[in-house]
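Here the structure is laid out as C-alpha cells; the discussion comes afterwards.
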Amino acid sequence: MSRPDYLLFDRNTKAIFWNLNTNAIQRMLDYDYVVGRSPSIAAIVAPTSERSFEKFFYGTTEIIIPIYKSTKDAAKFHPEADVLLNFASFRTAYSVTLEAFEIPTIRTIIITAEGIPERFARDMRIKAKQLGKWIIGPATVGGIAPGAFRIANTGGTIENIIASKLHRPGSVGLVTRSGGLFNELSNIIARNADGVAEGIAIGGDRFPGSDFLDHMLRFEKNPQVKFMILLGEVGGEAEYKVVEAVKNGLITKPVIGWCIGTISKFFGGEVQFGHAGAKAGADRETADAKNRAMREVGIHVPNNFNELPHVIKGIYEMLRGEGKIQPVVEPEVPPIPEDLSKAIREGKVRKPTNFICTISDDRGEEATYCGVPISEVIEKNLSIADVIGLLWFKRKFPDWASGFIDMVIRVVADHGPAVAGAHNTKVTARAGKDLMSSLATGILTIGPRFGGAIDGAAKYFKMAYEKNMSPHEFVEYMKNVEKIPIPGIGHRVKSTKNPDKRVELLKNYARRNFPKIELLDYALEVEKVTTSKKENLILNVDGTIGVLLVDLFKAIGYSNEEVDKLIEAGAFNAFFVLGRSIGFIGHYLDEKRLDMPLYRHPTDDILYDVKRPEGI
Amino acid sequence: MAQRGIREYDGKRIIYQNWKDYFSDAFEYDFKSVLVTPETDFDKLPEQHPWLKTTPLVAKPDMLFGKRGKLGLVLYKINKPGDVTYEDAVKWIKQKMQEEVEINGVKGHLTHFLIEPFVPHKPEEEYYVAFSMGDDYDTVYMSAFGGIDVEENWDKVSEVKIPPTASDEEIEKLIKQNVPKEISDKETYADFVTRAFKMFRDLHFVYFEINPLVLVGRKAYLLDFVGKVDDTAAFVVGKKWGELEFPSGFGRDLTPEEKYIKELDEKSGSSLKLTILNPEGRIWTLVAGGGASVVYADTVADMGYVNELANYGEYSGNPTRTETREYVKTILDLMTRKKHPSGKPKILLIGGAIANFTDVAKTFDGIIDAFKEYAEKMRQVGVKIYVRRGGPNYEVGLKKIKQAAEELGLPIEVYGPELHMTDIVRKALEEEKAA
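Chains A and B are the protein sequences, given in the same order.
My numbering puts the first residue of the first sequence at 403, with every later residue one more than the last.
My numbering puts the first residue of the second sequence at 33, with every later residue one more than the last.
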C-alpha cells in the first residue's frame, strides 16, 4: 500500500506491537473503531508468551490477534505492517530495534522505554537514517495521525481524544518532546484552532531517534498541515535546526514555537528541570536563547506558556481569514462500548452473579480467610485447626475445640501401608504415576468401608440419642432395622482388655476440655452392651471421633439439625480425608524414594475360577 | 538522570579493573590511588597501602570540580616538588576538611580526597587525551601539551571525529593519522589512545579525559582523570564499573528529603523527582509529568515569584498510590515545618497536563492519604491548595480530592482540563497580590 513519503501513518497503516500490553493495544483498537478504520494491530510479539493469540474488542465484537515469538516471524506473516511499536523494556528495546532494522517491511519504529543508554539511542538513530527508516522515541508516548492511526496510549482516554478532536484531522502539525504536554497541547489546539493534522512527541532523551525538524519537514510537504507548533525544551540544539530550516526557506508554513524551561536561568544550570535531555550545557541551550533565536527568524513565539493559546488562535484565525483553512466537517462518532468491568465499577450496569463465596476473598490488598487477612492469621499464630475453623465452618473455634481438631488430624494421619487407601496409593506410585494421581487413588478409596465410619458413627449414635433409644434398643435397631454393624464399633485386635490408646487420649481430652460430652457418654453405654457380647466390639477411633465431633459442634452452638447437615455434607469425614492425605503423601514419597518397580500381584495369591460360558 | 560525573578515584579504578581487556600486555598501569573520606582511619591506611609510607605523595580533593591546580588544591610539595610525606598529606587533608572553601561561587566543605604517588616527569612528557560523545560522532582530542594549561593551548589539540559505525581498523587509522606532530613517539601514543577509546566506548563513558598522561616506555601514568558515565547503562556494564557512586556536585549535597525521593525513584518503575530550591519559599508544587512540571515552574518565575518557589519536582508514569503518598508526604512535611514569617499562607499547586495513561483517581488517592496525615499541620501553617489535572479517571479524582480537602478543613480550588494548564498559577498569585 503506497503512501506519500511525508506520511508515516494513514488509515491503512498496520502495526506490529512488541509486548503483550493489552491495555495499550485495546486503546488503539478502540480508536480504530471510533474513527471507522480496520484494526491497526496486525500482530503481537511476545517471546515469553505461551499463547499464540489474544482476544480483543473491536467495538462490541471480539477479534483475535496472533502472537509471535519474534518480530521476524510476525513480519513474515504480516508484511503489510510497516510500523513496529517497540514496547520492550529499556533492557531489551535496543536489541528489538536492531532486529527490526533487518526487516525490510518495517519502516517506522516507535520506542517507548525510558532509560535506554544514550550511546545505544544515538547509534540507533544513526543506523536508522542510513537505512532510510524512522524512529520515534525513545522515552515517548509516540504520537497520532488523527483519524488515521494512534500510537498506543497517545491522547489518553477515548473521551479525551474526542474532546481534544484527535479523532479527525485538523490543520496543525505538532511536535513536542514531552508526552504529557503533547496531550495538553492537543487540547489547547482543539480549543483555539481546528485540531491536529499530525502530532509527534519525539521523547525526552538526549538522543531522540528523530528530531523536531525531521517531522516538520514532513509536515511542510503534507498539504493537510497548514501551520506547525513546536514545543521545545531547555537543553540541546534541536530547536536551532528548525531555526536554520526556517531561515533557509526549507520551512515556509507558519510556525509557532515555545521552549519550556525558562526558569533554569534563575538556578545557573545547576538544577535538572524536566527530562534527561533538558539541561543547558551552554548559554545557547537555554530556553530563553532558543526562544529568542526562533523569534528572530519569524517563528511566532509567545511571551510565556500562558500566552500560547492566544498565539495559536491568532494564527488559526488569520489562515481562516485568508481562506487557507476550510472549516472541518465533524464526523459522526459511534458510541464507544464501555467495558463491563468499568461500568460495574461506576455503578452504571448490574448483572446477576453465577457464583457465591462466603468463606474467602482475594479482591482486596490481601486475601482473607473468612474476613481475616492471611498476615493476621500468621501474626496471631492461628493453628491449622483454627484455619479449618475459618474456612470450613466460618468461625473461630475456641481453643479447646481447635486443640481437639488438631488431635484428630494427628491421630488419623496414617495407619500403616496395609490399609486399603495407603495400599492403593503405593501401587499407583509404583506404576510410575504422579503425586496427584497416587494421592487421588488413596482418597478415592475412602468410603463406607474404609475411613467412612466417622460419619456413620456420628449419624447413628446421634439419631439414637435424640430418639431416646436405650443402648439396648439401639443395638437391636441396628441389627433388625438398618441391618448393618454399628459404625464406629469394633476393632480387629483391640478389646476391653487391650484398649486402644488413641481412643483413651481422645476421651480423656474431651472429659477435661469439652463443656459437655453427652453423646460420648451415650456411646460408652452402647459399648458396654456390645462388649458384653464380644470383647472386641469396643467404641473404636472412628466412633470416638464421630460422637465427639457431634458433642463439639453442639457445644459451640450448632443445633441438632445443623449438625445433621454437616454430617450429610461429609464435613466429619473431611477431617479423616485431610488427616489421612498426610499419610498418603508420605507413602507416595516413600515409593519415589525407594524407586520400587511396577507392582504385579502374584498369581498364587489369586483363586482363578474362570468358566467359559456356554454357547460360544 | 543520564550523564553523571564520577570521582577521579572511581574512574581510575574502573580503568585499572578493565585494563587487561583493553591494554592487554601493550601497556602497564600501576593503580596506586587511595580515596580519603571523613570516615577514613589515617592510622590504618598505610597497613593496606604500604607505599604511602615509602613514596613521595600527591594529595588533592576528589569532588568532581576541576582546575584544582589553579585553585591551589593540589599538594605535591612542601619545600620542593616530590617531598610530601604521608604525615604531610594527612595534616594537609585534615586542615582542608576543616576550612570552608568556595568553588565556582559555591561555598562548602571538602570531604573527599585522593592520595597518589608523586610521579617525577618532565613537562614535555605530559600528553593530553580526551574523548567525548556527541550527537553524531565521538570526538577524540589529542595533544602533546597536557597539564593544567591545556585550555590555553587548545589550538594545538587535534580533534578527530569517529563515526559510531566506524570499524576497529577505521578507528585505528583515524587516530593514527591525526596524532599531533609534536608527539615524539607517535606509534605508542596512537596505540594507547586507540585502546583507551575502545574502553571509553564499551564502558559507556560519555566523557573521558586523562590530563596529563605520561607514557614512559610501556608504563602509563594517569596523573589526572575526569570522567562521566551514562548511568542508564548500568544494566549493560554495571559489573565492569564495580560499585560506583554518583556524587552530586560540590556544595550540592542532597538533602535527606531529596535523597529519600531519589531512593524511591530508583526502586520504582515510575518517575519521582524532587529538588528543593528554597525551603523558606511559600509556593510548593506537586506536578505530574516531566514537561508540565517545568511549565509550572516557568510560570511561577514568569509571574515574578521565583524567590518564593520552594521546590521543583515531578511524579509521572502511573505511580502507585503508596508511592504517591510517600512523595506527597515528603513535600507536605517540608512545607508545614514552620509558618512563614510574614504570616501569609503557603500555596500548594497540584498541577499536571492531561495524562495519557496515569490513573488520576489512583494518584489522587495517594495525595488524599497524605493530606489526612498532615491536615492538622497544614491548617496550622495555613495552606491553600489549587488543583488542575486531566486524564484517565480525572472526574473521580477531582471530586474525591475536593471532598477530602473540604472534610479536612483545607481550602481548595479544583479544576479540570477546561482550565488552561497553568491558569491555577495565575489564579493563586493574583489572589496573593490582591491580599
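No residue lacks a Cβ here, since even glycine has one placed at the ideal position from N, Cα and C.
Everything numeric in this text was worked out from a predicted model, so none of it was measured.
Minimum Cβ-Cβ distance from A/Asn555 to chain B less than 8 Å:
Interface residue, yes.
Can you list, in chain order, the residues of its chain with a C-beta nearer than 6 Å to that of B/Phe55? Leave out the 5 residues immediately preceding and following it.
Contacts found: Arg227.
Collapsed DSSP secondary structure at B/Tyr173 in the structure displayed
For B/Tyr173, the three-state secondary structure derived from DSSP is strand.
Can you have a look at A/Tyr771 and say buried or exposed, based on whether 16 or more other CB atoms are within 10 angstroms of its CB?
Answer is buried; the Cβ neighbour count reaches 16.
Quick test of the definition: if touching needs 3 or more C-beta pairs under 8 Å, does the region 234-245 of chain B touch the region 253-261 of chain B?
Three or more pairs of CB atoms, one per stretch, sit closer than 8 Å, so the region 234-245 of chain B contacts the region 253-261 of chain B.
Listed by chain order, chain B residues near A/Phe675 by CB distance under 7 Å
Neighbours of A/Phe675 across chain B, judged by C-beta separation under 7 Å: Val326, Ala329 and Tyr344.
If we count the other Cβ atoms within 10 Å of its Cβ and call it buried at 16 or more, is A/Ile466 buried or exposed?
A/Ile466 comes out exposed.
Could you list which residues in chain B have their beta carbon closer than 7 Å to that of A/Gly663, in chain order?
What A/Gly663 touches in chain B: Val326 and Asp330.
Taking the Cβ atom as the reference point for each residue, do A/Phe629 and A/Ile717 lie within a distance shorter than 8 Å?
A/Ile717 is positioned such that its CB atom lies closer than 8 Å to that of A/Phe629.
Would you mind sorting A/His874 into buried or exposed? The rule is 16 or more other CB atoms within 10 Å of its CB.
Exposed.
Pick from A/Leu907, A/Glu641 and A/Gly985 that is closest to A/Ile947, judged by C-alpha positions
Out of A/Leu907, A/Glu641 and A/Gly985, A/Leu907 has the C-alpha closest to the C-alpha of A/Ile947.
How would you label A/Phe978, buried or exposed, when you count the other beta carbons within 10 angstroms and need 16 or more for buried?
It is buried - the Cβ of A/Phe978 has at least 16 other Cβ atoms within 10 Å.
Secondary structure, alpha helix (DSSP H): runs of 4+ residues fully inside the region 518-587 of chain A:
Runs found: 520-533 and 560-565.
Suppose the cutoff is 6 Å on Cβ atoms and the five residues either side in sequence are ignored; what does the same chain contact list for A/Pro656 look like?
Cβ within range, chain order: Phe629 and Ile717.
A/Pro739 versus A/Ile564 - alpha carbon distance:
Cα-Cα distance, rounded: 14 Å.
Measuring only between beta-carbons, confirm whether B/Leu309 sits less than 8 Å from chain A.
Answer yes: the Cβ-Cβ gap between B/Leu309 and chain A drops below 8 Å somewhere.
Give the residues of chain B in contact with A/Glu520, contact being defined as C-beta atoms less than 9 Å apart.
The contacting residues are Ala34, Gln35, Met165, His236, Val238, Asp262, Thr264 and Ala265.
Is the beta carbon of B/Asn6 sitting closer than 8 Å to the one on B/Ala342?
Residue coverage of chain B in this structure runs from 33 to 467, which leaves residue 6 of chain B outside it and unanswerable.
Put B/Ile110 into one of helix, strand or coil per three-state DSSP.
In this structure, B/Ile110 counts as coil in the three-state DSSP scheme.
Identify the residues that DSSP records as bridge partners of A/Pro775: which are they?
Per the DSSP secondary-structure output, A/Pro775 pairs in a beta bridge with A/Thr770.
Between A/Lys918 and the rest of its own chain, which residues show a CB-CB distance below 8 Å, the 5 nearest in sequence each way excluded?
Excluding residues within five positions, the ones whose Cβ falls inside 8 Å are Asp953, Lys956 and Ala957.
In three-state terms, what does DSSP make of A/Gln674?
A/Gln674 falls in the coil class under three-state DSSP.
Are the C-beta of B/Asp401 and some C-beta of chain A separated by less than 8 Å?
Answer no: the Cβ-Cβ gap between B/Asp401 and chain A never drops below 8 Å.
What are the residues in the region 360-394 of chain B lying within 8 Å of chain A by C-beta distance?
Those would be Gly384, Ala385, Ile386, Ala387, Asn388 and Phe389, in chain order.
State buried or exposed for A/Ser566, treating a residue as buried only when at least 16 other CB atoms are found within 10 Å of its CB.
By the neighbour-count rule (16 or more Cβ atoms within 10 Å), A/Ser566 is buried.
For A/Tyr435, which option in A/Glu748, A/Phe757, A/Pro850 and A/Pro737 has the closest C-alpha, if you only look at C-alpha atoms?
Ranking the options by Cα distance to A/Tyr435, first place goes to A/Pro737.
State the DSSP-derived secondary structure class of B/Lys102, mapped to helix, strand or coil.
It is coil, neither helix nor strand.
Chain A contact for B/His141 (CB, 8 Å cutoff)
Not closer than 8 Å to any Cβ of chain A, the Cβ of B/His141 fails to qualify, so no.
Between the C-alpha atoms of B/Val90 and A/Ile518, what's the straight-line distance to the nearest angstrom?
Looking at the backbone, the Cα of B/Val90 and that of A/Ile518 are separated by about 39 Å.
Is it the case that the region 478-492 of chain A contacts the region 406-421 of chain A, given that we only count it when at least three CB pairs across the two stretches are under 8 Å?
Contact holds: three or more Cβ-Cβ distances are below 8 Å.
Within 10 angstroms of its Cβ, does A/Ser743 collect 16 or more other Cβ (buried), or is it exposed?
It is exposed - the Cβ of A/Ser743 has fewer than 16 other Cβ atoms within 10 Å.
Could you name the residues of the region 496-518 of chain A whose beta carbon sits closer than 8 Å to any beta carbon of chain B, in the order they occur along the chain?
Correct list: Glu516, Gly517 and Ile518.
Compile a chain-ordered list of the residues in the region 702-716 of chain A whose CB is closer than 7 Å to at least one CB of chain B.
Answer in chain order: Asn706, Phe707, Asn708 and Pro711.
Should the region 577-584 of chain A be called in touch with the region 449-466 of chain A, which here means at least 3 C-beta pairs below 8 Å?
Taking one beta carbon from each stretch, the region 577-584 of chain A and the region 449-466 of chain A have fewer than 3 pairs nearer than 8 Å; the two do not touch.
Ordered along the chain, which non-local residues of its own chain (more than five positions away) have a Cβ less than 8 Å from that of B/Lys109?
So the list reads Asp115 and Val116, once near-sequence residues are dropped.
Just how far apart, CA to CA, sit A/Glu993 and A/Ala815?
Using only the alpha carbons, I get a separation of about 18 Å.
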